[in-house]
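2 protein chains.
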Amino acid sequence: MGIVVQKYGGSSLADADAIKRVARRIVDVKKSGHDVVVAVSAMGDTTDDLLDLANGVSPLPPAREMDMLLTAGERISMSLVAMAISDLGFTARSFTGSQAGVITDSVHGKAKIIDVTPGRITQAIGEGHIVIVAGFQGVSQDTKEITTLGRGGTDTTAVALAAALEADVCEIYTDVDGVFTADPRIVPTARKLDQVSYEEMLELAACGAKILHLRCVEYGRRYGIPIHVRSSFSQLHGTWVVNDPAAASEGETMEQPIIAGVAHDRSEAKITVVGVPDKVGEAARIFEALADAQINLDMIVQNVSAAATSLTDISFTLPRTDGQTAMTALARIQAEVGYDKLLYDDKIGKVSLIGAGMRSHPGITSKFFGALASAGVNIGMISTSEIRISVVVDENAVDDAVRATHTAFDLDADEVEAVVYGGTGR
Amino acid sequence: MGIVVQKYGGSSLADADAIKRVARRIVDVKKSGHDVVVAVSAMGDTTDDLLDLANGVSPLPPAREMDMLLTAGERISMSLVAMAISDLGFTARSFTGSQAGVITDSVHGKAKIIDVTPGRITQAIGEGHIVIVAGFQGVSQDTKEITTLGRGGTDTTAVALAAALEADVCEIYTDVDGVFTADPRIVPTARKLDQVSYEEMLELAACGAKILHLRCVEYGRRYGIPIHVRSSFSQLHGTWVVNDPAAASEGETMEQPIIAGVAHDRSEAKITVVGVPDKVGEAARIFEALADAQINLDMIVQNVSAAATSLTDISFTLPRTDGQTAMTALARIQAEVGYDKLLYDDKIGKVSLIGAGMRSHPGITSKFFGALASAGVNIGMISTSEIRISVVVDENAVDDAVRATHTAFDLDADEVEAVVYGGTGR
Numbered sequence: 001m002g003i004v005v006q007k008y009g010g011s012s013l014a015d016a017d018a019i020k021r022v023a024r025r026i027v028d029v030k031k032s033g034h035d036v037v038v039a040v041s042a043m044g045d046t047t048d049d050l051l052d053l054a055n056g057v058s059p060l061p062p063a064r065e066m067d068m069l070l071t072a073g074e075r076i077s078m079s080l081v082a083m084a085i086s087d088l089g090f091t092a093r094s095f096t097g098s099q100a101g102v103i104t105d106s107v108h109g110k111a112k113i114i115d116v117t118p119g120r121i122t123q124a125i126g127e128g129h130i131v132i133v134a135g136f137q138g139v140s141q142d143t144k145e146i147t148t149l150g151r152g153g154t155d156t157t158a159v160a161l162a163a164a165l166e167a168d169v170c171e172i173y174t175d176v177d178g179v180f181t182a183d184p185r186i187v188p189t190a191r192k193l194d195q196v197s198y199e200e201m202l203e204l205a206a207c208g209a210k211i212l213h214l215r216c217v218e219y220g221r222r223y224g225i226p227i228h229v230r231s232s233f234s235q236l237h238g239t240w241v242v243n244d245p246a247a248a249s250e251g252e253t254m255e256q257p258i259i260a261g262v263a264h265d266r267s268e269a270k271i272t273v274v275g276v277p278d279k280v281g282e283a284a285r286i287f288e289a290l291a292d293a294q295i296n297l298d299m300i301v302q303n304v305s306a307a308a309t310s311l312t313d314i315s316f317t318l319p320r321t322d323g324q325t326a327m328t329a330l331a332r333i334q335a336e337v338g339y340d341k342l343l344y345d346d347k348i349g350k351v352s353l354i355g356a357g358m359r360s361h362p363g364i365t366s367k368f369f370g371a372l373a374s375a376g377v378n379i380g381m382i383s384t385s386e387i388r389i390s391v392v393v394d395e396n397a398v399d400d401a402v403r404a405t406h407t408a409f410d411l412d413a414d415e416v417e418a419v420v421y422g423g424t425g426r
Numbered sequence: 001m002g003i004v005v006q007k008y009g010g011s012s013l014a015d016a017d018a019i020k021r022v023a024r025r026i027v028d029v030k031k032s033g034h035d036v037v038v039a040v041s042a043m044g045d046t047t048d049d050l051l052d053l054a055n056g057v058s059p060l061p062p063a064r065e066m067d068m069l070l071t072a073g074e075r076i077s078m079s080l081v082a083m084a085i086s087d088l089g090f091t092a093r094s095f096t097g098s099q100a101g102v103i104t105d106s107v108h109g110k111a112k113i114i115d116v117t118p119g120r121i122t123q124a125i126g127e128g129h130i131v132i133v134a135g136f137q138g139v140s141q142d143t144k145e146i147t148t149l150g151r152g153g154t155d156t157t158a159v160a161l162a163a164a165l166e167a168d169v170c171e172i173y174t175d176v177d178g179v180f181t182a183d184p185r186i187v188p189t190a191r192k193l194d195q196v197s198y199e200e201m202l203e204l205a206a207c208g209a210k211i212l213h214l215r216c217v218e219y220g221r222r223y224g225i226p227i228h229v230r231s232s233f234s235q236l237h238g239t240w241v242v243n244d245p246a247a248a249s250e251g252e253t254m255e256q257p258i259i260a261g262v263a264h265d266r267s268e269a270k271i272t273v274v275g276v277p278d279k280v281g282e283a284a285r286i287f288e289a290l291a292d293a294q295i296n297l298d299m300i301v302q303n304v305s306a307a308a309t310s311l312t313d314i315s316f317t318l319p320r321t322d323g324q325t326a327m328t329a330l331a332r333i334q335a336e337v338g339y340d341k342l343l344y345d346d347k348i349g350k351v352s353l354i355g356a357g358m359r360s361h362p363g364i365t366s367k368f369f370g371a372l373a374s375a376g377v378n379i380g381m382i383s384t385s386e387i388r389i390s391v392v393v394d395e396n397a398v399d400d401a402v403r404a405t406h407t408a409f410d411l412d413a414d415e416v417e418a419v420v421y422g423g424t425g426r
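Quick note, the sequences are listed as chains X and Y, same order.
For the first sequence, full-length UniProt numbering gives the first residue as 1, with consecutive numbering after it.
For the second sequence, full-length UniProt numbering gives the first residue as 1, with consecutive numbering after it.
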């Protein structure tokens, strides 16, 4: 029997009872003959509480010290999980990111994992212990400073551990039953996907499905780690994220769905640079300024210039949280670039249709746009990849757009499948 | 200008305002030209909160995981102090016990410091930073496990850092103005001591004065680190714990007081083993059993045996928290030793008179006992060292005994000197 890596998030570790439940689940896997390595997030509201403390002493705390502070959260949860396991008669050893050999770069607050050297973990496994590892954190290669991995960090920790330990599977426990064809809060008849490819999951994550973080899926794909997304509140099978779902389920190749799901995202804003002189290098200057300000753009659209004026408009979307920074950076180069004005719109939403099957099926785009038109939804921007079509719509039209698309592609289940767990303390 | 090491306890770090006040105090020392290294405890009630969490998941948590949990407390406070310093325009680096090179043995929950290898601290000092170190914690030499130092651990961390860094002084900040001739809550006219010898401070600490922990004073004496005990709530000079107070204050040798103070302790219990056969080896067997149970005894008294019976009684005091363990250990050897019965009394208190001057002044004992008699206090047990006389009295007689002794030795100040700070949040 091989190694099973599990990840439990904050909502699965909300209080003492939740921790005991997680401990029982871990022990069950150990009893079944597997070695178990568990990555944990901070308990429920711990991170928010720590952020409040930081804000109480400094409006702009140094990133190094912020990482030092926040990493206390997983330290608390991991030792409590180890204690709860010990109370069930099994031995557990908790390790910080640093002790677990999670080596990162030096970018505090959003460090990237460079390597995992799990010597202490394999030794503890060899001694028969269950291993609990603090998620979301590591130690920098050069400076030996404590770092955090940013959003979705514990998912990434879990997959990185699974890769380093050559685990059979990485189980990501969350408060929903798996990956759905759409957000069940918007589409009650959304279906749980039994399997989804890394490629589709990457697009889903990038397009606003919050269930798995992009970096975690990227890590899983690179090392070929099967990821099982499931609920810590039930015993149901969840969604397997694997290399090629069709090949994995032998004899079912015909059944690979064309569309994996409909994702949506209300966290972006749109900026339009109006009246950009249509000559070589102007667009480059604009995107250079945005890159210098460390802003990640998403969709970019440039219309053909009106022949009469030789001026063009450039629109792009970006995280709303970067909106002010981007506007400031662009204002600074107005004279240099000679554009007319800037428009800022944060009342937008993005709706994306994702499916590896659309590669070989023509007509997907027209069906998608037809569904939106029937629902009375106006399309603001369009962007496509080989397995994805995204549109920007009015923020208030997102729900209608998601529902219309979901129905148009026959994704609705016969009955409501989604259950929302853990509703009490969270 | 040399290095100043400071220690701030939990009551000095109760909330954001307290942390900002501590930061200003630290920055003031840095501005005066000193390098500053600060050891901090966990904030106010953090440790209790963490203990509650542990009790919530396991009635008997493994010591290793308990240390992992509790060390989160100083991690939080040290990063917050560093942030508050940064907010004042100075740079600070916080380090865990492990990062700071606090090397200990492997006894979780009460590890002893073996060595301090402060490479990262000296490097940070060299780069101009103020250094904040997590008190109370270290890393074990052999197993590289996180350990805690037990009660008074942060004081010990501070003095150990001062020794390793060859600091000019170790300032222990607390919520009283210094070391007093008696507990000001019992004796309002108690006087603050300007200076006290390591030797006297050791006896004071051992006899119940809670202001400095025994191990901290021992460490200071061994390495000759001047310890300045003072309040974080005022700018007053506190009490200097030094090698030879008389020699230190030149020209004032004649003024060295005979008595440093009166200490009391209500944390002990008394066990009497009644009817022990008065022959070789019986007492040894009793104390062997107690040592095997890891119990530290304080006072031990054996009366001469009644000639008629050849039986003797052995009484000793010990921490009340060890009472049950000791009784169990002794009950187990009753048949072997052949004693009659065990008596347990936890309604006792210990009052101690301490002063290096009593070495050369006869008549101290009779004056002490005379004061107790005048106050109507009955003496249960007596124990003495070269610079201390301790008596066990009824728990309810402790206050009267302390006051009577304090007055008899002319220790009362003309006016009330003691101020109790930080009364709000604590």
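Where is the CB? At the ideal position from N, CA and C, for every residue including glycine.
In the DSSP output, which residue or residues are listed as bridge partners for Glu-268 of chain X? X:Pro-319
Simplified DSSP state of Gly-101 of chain Y, which is helix, strand or coil: Coil at Gly-101 of chain Y, not helix or strand.
Residue range of the unbroken beta strand (DSSP E) whose run includes Thr-148 of chain Y: Start and end: 146 to 148.
Out of curiosity, what's the CA-to-CA distance linking Thr-253 of chain X and Met-43 of chain Y? Low confidence applies to Thr-253 of chain X: its pLDDT is 46, below 50, so where it sits in the model is not reliable enough to give any reading.
Does the CB of Glu-127 of chain X have a neighbour CB from chain Y at under 8 Å? No, no contact with chain Y.
Could you round the C-beta distance between Val-262 of chain X and Val-402 of chain X to whole angstroms and report it? I think they count as a contact, below 8 Å. 5 Å
Got a sec: which bits of the segment 84 to 95 of chain X sit with their beta carbon under 7 Å from any beta carbon on chain Y, in order along the chain? Under the 7 Å Cβ criterion, the segment 84 to 95 of chain X contributes Ala-84, Ser-86, Asp-87 and Ser-94.
Starting from Leu-343 of chain Y, trace the beta strand (DSSP E) both ways and give me its first and last residue. 341 to 345
Using C-beta distances below 7 Å, list every residue in its chain close to Asp-412 of chain X, excluding the 5 sequence neighbours before and after it, in chain order. Thr-189 and His-406
Find the residues of chain X that neighbour Gly-56 of chain Y, judging by a C-beta separation of less than 7 Å, and give them in chain order. Ala-16
Contact criterion: CB-CB distance below 8 Å. Does Pro-62 of chain Y meet it with respect to chain X? yes
Going by beta carbon distance, what residues of the same chain come within less than 6 Å of Thr-321 of chain Y, once the five residues before and after it are set aside? none
For a minimum of 4 consecutive residues, which ranges assigned as the alpha helix (DSSP H) are wholly contained in the segment 152 to 229 of chain X? Counting only runs of 4 or more, we get 153 to 164, 198 to 206 and 214 to 223.
When the Cα of Arg-221 of chain Y is compared with those of Y:Ser-231, Y:Leu-202 and Y:Val-229, which residue comes out closest? Y:Leu-202
For my contact list, Thr-148 of chain Y and Thr-71 of chain Y are in at a C-beta cut-off of 8 Å; report their separation, rounded to the angstrom. Thr-71 of chain Y and Thr-148 of chain Y do touch by the CB rule: their CB atoms are close to 6 Å apart, below 8 Å.
Between the beta-carbon of Ile-103 of chain X and the beta-carbon of Gln-141 of chain X, is there less than 8 Å? yes
Inter-stretch contact at 8 Å, needing at least 3 Cβ pairs: the segment 379 to 398 of chain Y / the segment 340 to 358 of chain Y: The segment 379 to 398 of chain Y is in contact with the segment 340 to 358 of chain Y.
Please report how far the alpha carbon of Met-381 of chain Y lies from the alpha carbon of Pro-184 of chain Y, in whole angstroms. Rounded to the nearest angstrom, the two C-alpha atoms are 25 Å apart.
Terminal residues of the alpha helix (DSSP H) in which Gln-334 of chain X lies: 334 to 337
What distance in whole Å lies between the Cβ atoms of Gly-150 of chain X and Gly-109 of chain X, which are believed to be in contact at a cut-off of 8 Å? 6 Å
In chain X, which residues lie less than 7 Å from Lys-20 of chain Y when you measure between Cβ atoms? Val-57
Reduced DSSP category for Met-381 of chain Y - H, G, I as helix; E, B as strand; rest coil: strand
Below 7 Å, is the gap between the Cβ of Tyr-344 of chain X and the nearest heavy atom of the ligand GDP? Questions concerning the ligand GDP fall outside what the structure shown contains, since it holds no ligand whatsoever.
Could you tell me whether the Cβ of Gln-6 of chain Y comes closer than 8 Å to any Cβ of chain X? no
Please determine if the segment 11 to 30 of chain Y and the segment 225 to 243 of chain Y are in contact, where contact requires at least 3 C-beta pairs separated by less than 8 Å. yes
Using a Cβ-Cβ distance cut-off of 8 Å, determine whether Glu-65 of chain X contacts chain Y. Yes, its Cβ sits closer than 8 Å to a Cβ of chain Y.
Which of the three DSSP states is assigned to Ala-263 of chain Y in this structure? strand
Would you report the Cα separation of Ala-63 of chain X and Ala-92 of chain Y, rounded to the nearest angstrom? 12 Å
Min CB distance Met-68 of chain Y to chain X below 8 Å: yes
How about Val-242 of chain X and Tyr-339 of chain X: do their beta carbons lie closer than 8 Å? no
For Glu-250 of chain X, count the other beta carbons within 10 Å of its own beta carbon; 16 or more makes it buried, fewer makes it exposed. Which is it? Residue confidence is low: Glu-250 of chain X scores 46 on pLDDT, short of 50, so the model does not pin down where it sits. No coordinate-derived value is stated.
Roughly how many angstroms lie between the CA atoms of Gly-376 of chain Y and Gly-178 of chain Y, to the nearest whole one? 31 Å
Select from the segment 23 to 54 of chain X all residues with a C-beta closer than 8 Å to any C-beta belonging to chain Y, and list them in chain order. Ala-23, Leu-50, Leu-53 and Ala-54
First through last residue of the alpha helix (DSSP H) which encompasses Lys-110 of chain X: In the DSSP assignment, Lys-110 of chain X falls outside any alpha helix (DSSP H), carrying neither H nor E.
Does the CB of Ala-82 of chain X have a neighbour CB from chain Y at under 8 Å? yes
Indicate whether Asp-346 of chain Y and Gly-323 of chain Y have their beta-carbon atoms separated by less than 8 Å. yes
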